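With the numbering used here applied, the sequence shown corresponds to residues 9 to 105, in that order.
Input: a single structure, listed below in structure tokens.
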Amino acid sequence: FDRIEAVSRIPDRIGLLEHLDVAGVEREAALHTRITVQEEQRSSEDQFLILQPSLDQSWWKLWGGLDGSTGTIVDQTLTETADSLPVLPDGTRGSSS
9 FDRIEAVSRI PDRIGLLEHL DVAGVEREAA LHTRITVQEE QRSSEDQFLI
59 LQPSLDQSWW KLWGGLDGST GTIVDQTLTE TADSLPVLPD GTRGSSS
């Protein structure tokens, strides 16, 4: 069903997608998605990011919603700086999860 739904979003290429799995078809469908100016503006206006520390700042909550470009920047920044973060008092960087 997922494959049929994704293929239905790109009817001009149905015969050319038989070699792709569901993820591949969904990726191709995403490439053909048109975003209106209003949808893009709403996406930009609706983004928010909240950082909330606990009282002793031993725990932080992070939540929000970002558009694709901003989310990519945040993800890349956190990934690239992860190795430069300080180690924990016990000398480790914590669990991998």
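Backbone N, C-alpha and C fix where the C-beta goes; we use that ideal spot for every residue, glycine too.
As the structure is a computational prediction, the values presented were derived from the model and not from experiment.
Q. Which residues share a DSSP beta bridge with W71?
A. I58
Q: Could you say if the stretch 72 to 92 and the stretch 54 to 61 meet the contact criterion of at least three C-beta pairs nearer than 8 angstroms?
A: yes
Q. In whole angstroms, what is the alpha-carbon distance linking E88 and Q65?
A. 23 angstroms
Q: Assign Q49 to one of three DSSP states: helix, strand, or coil.
A: helix
(Q) If you reduce the DSSP assignment to three classes, tell me which class P82 lands in. (A) The sequence given here places Val at residue 82; Pro does not occur at that position. It is helical.
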